[in-house]
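To convert, note that position 85 of the sequence shown is 85 in our numbering; the numbers rise steadily by one, no gaps.
Where a beta carbon is used, it is the ideal one built from N, C-alpha and C, also for glycine.
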Amino acid sequence: MAQASQTRLDEYLLDSPTISRFSEEKFILFLEGVTAVFDGFKALDVEALGIEHNELRVVIGPNGAGKTTMCDIVSGKTQPATGTVHFEGKNITDTSETEIALMGVGRKFQTPTVFDSLTTYQNMELALPGHQKLFPNLYSQVSAEEDDQILKILERVGLKDELDVEARYLSHGQRQWLAISTLILSSPKLLLVDEPAAGLTDAETELTAELLLELKGDHTLIIIEHDMDFVRRLDSFVTMLHEGRIMAEGTLEELQQNEEVIEAYLGR
1 MAQASQTRLD
11 EYLLDSPTIS
21 RFSEEKFILF
31 LEGVTAVFDG
41 FKALDVEALG
51 IEHNELRVVI
61 GPNGAGKTTM
71 CDIVSGKTQP
81 ATGTVHFEGK
91 NITDTSETEI
101 ALMGVGRKFQ
111 TPTVFDSLTT
121 YQNMELALPG
131 HQKLFPNLYS
141 QVSAEEDDQI
151 LKILERVGLK
161 DELDVEARYL
171 SHGQRQWLAI
181 STLILSSPKL
191 LLVDEPAAGL
201 TDAETELTAE
211 LLLELKGDHT
221 LIIIEHDMDF
231 VRRLDSFVTM
241 LHEGRIMAEG
251 TLEELQQNEE
261 VIEAYLGR
């Protein structure tokens, strides 16, 4: 583990009985001793990982490093074999995926999850809290306040001019922004975003980086990414996973000087 990371965790790491208070005051998310085992294979083995409030944390690593598994555990999709996950000071280790989402954890997968046959606005409407079961009556359920909220978010991500465009006709980058927008609508405290730069044009990549950095003001974000140019644009603290463990942490520049990281992932 990089020196910056070790010092950071050593300063705040407390014994388990006080983790709840510690996590709530310093970190919005804290993983302690978390492992995941599949068919005898240990896919994740994280001794300690803390994410601060309103931080944008980038997680990198080769395929199979445990990045997706870690997000699966945080979101409640997968239960860890051992360890605890604290969110806002609460132990959510055994909490269901639905309950964790309601607590304020949103997730965007690599492939944008939007409805192709619905317009940009209709996708947002369907994502409104309490509207998920109102599909047959999409056109009459939005209050003036909700409409204003939708328009503000779409303007924020550059989609206000695409209100009546079916999602199938949006560019890949625009679909990514729409998927993120539907998450923002539920006001999540923590956003898990999987490879937001994948398949984007240079212009879309730049705009996506700007969007994520702007979102950091209101949300905490964990970004899984392989594109090092995109990671550089984000200019944020980076966690490197390798074979399920945290190999190093620090700025991208620091990791690029780490011989273990170079050999395992970045290359020369």
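{"Query": "Three-way DSSP call (helix, strand, coil) for phenylalanine 115 in this model", "Result": "coil"}
{"Query": "Beta strand (DSSP E) segment containing threonine 220, residue limits", "Result": "220 to 224"}
{"Query": "Cβ pair threonine 349, threonine 69 closer than 8 Å", "Result": "No answer is possible for residue 349: the residues shown for the chain start at 1 and end at 268."}
{"Query": "Glycine 83 - containing beta strand (DSSP E), residue span", "Result": "82 to 87"}
{"Query": "Nearest-angstrom Cβ-Cβ length linking glutamate 55 and phenylalanine 237, presumed shorter than 8 Å", "Result": "7 Å"}
{"Query": "Cα-Cα separation between aspartate 227 and asparagine 123, rounded to whole angstroms", "Result": "28 Å"}
{"Query": "Local conformation of asparagine 54 per DSSP, three classes", "Result": "coil"}
{"Query": "Buried or exposed by the 16-neighbour rule on C-beta atoms within 10 Å, applied to threonine 208", "Result": "buried"}
{"Query": "Contact check, tyrosine 121 vs aspartate 161, beta carbons under 8 Å", "Result": "no"}
{"Query": "Glycine 244 beta carbon less than 8 Å from that of alanine 65", "Result": "yes"}
{"Query": "N- and C-terminal bounds of the alpha helix (DSSP H) containing alanine 203", "Result": "202 to 215"}
{"Query": "Residue span of the beta strand (DSSP E) that contains leucine 192, given as start and end", "Result": "190 to 194"}
{"Query": "According to DSSP, residues forming a beta bridge with glycine 250", "Result": "Val238"}
{"Query": "Euclidean distance between Cα positions of valine 142 and alanine 43", "Result": "44 Å"}
{"Query": "Separation of leucine 29 from glutamate 88, as counted between CA atoms", "Result": "6 Å"}
{"Query": "Test item: CB-CB of proline 62 and alanine 197 under 8 Å", "Result": "no"}
{"Query": "Member of Val58, Asp72, Glu52 whose CA lies at the smallest distance from the CA of valine 37", "Result": "Asp72"}
{"Query": "Short Cβ contact (8 Å threshold) for methionine 247 with glutamate 259", "Result": "no"}
{"Query": "CA nearest to the CA of serine 75, picked from Val58, Lys90, Gly106", "Result": "Gly106"}
{"Query": "Which of helix, strand or coil DSSP assigns to glutamate 68", "Result": "Reading off the sequence shown, one finds threonine at residue 68, where the question assumed glutamate. It is helical."}
{"Query": "Distance between arginine 57 and threonine 182 (C-alpha atoms, nearest Å)", "Result": "21 Å"}
{"Query": "Which of helix, strand or coil DSSP assigns to lysine 42", "Result": "strand"}
{"Query": "Residues near serine 186 in its chain [Cβ-Cβ closer than 6 Å; skip 5 each side]", "Result": "Pro129"}
{"Query": "Reference proline 188, options Glu99, Val85, Ala48, closest by Cα", "Result": "Glu99"}
{"Query": "Glycine 106: first and last residue of the uninterrupted beta strand (DSSP E) it sits in", "Result": "105 to 108"}
{"Query": "Member of Glu166, Ala203, Arg168, Ile153 whose CA lies at the smallest distance from the CA of aspartate 218", "Result": "Ile153"}
{"Query": "Sub-8 Å separation of glutamate 225 and isoleucine 60 beta-carbons", "Result": "yes"}
{"Query": "Residue interval of the alpha helix (DSSP H) (run including asparagine 282)", "Result": "Residue 282 lies beyond the stretch modelled for the chain, which goes from 1 to 268, so this question has no answer here."}
{"Query": "Alpha helix (DSSP H) segment containing isoleucine 184, residue limits", "Result": "172 to 184"}
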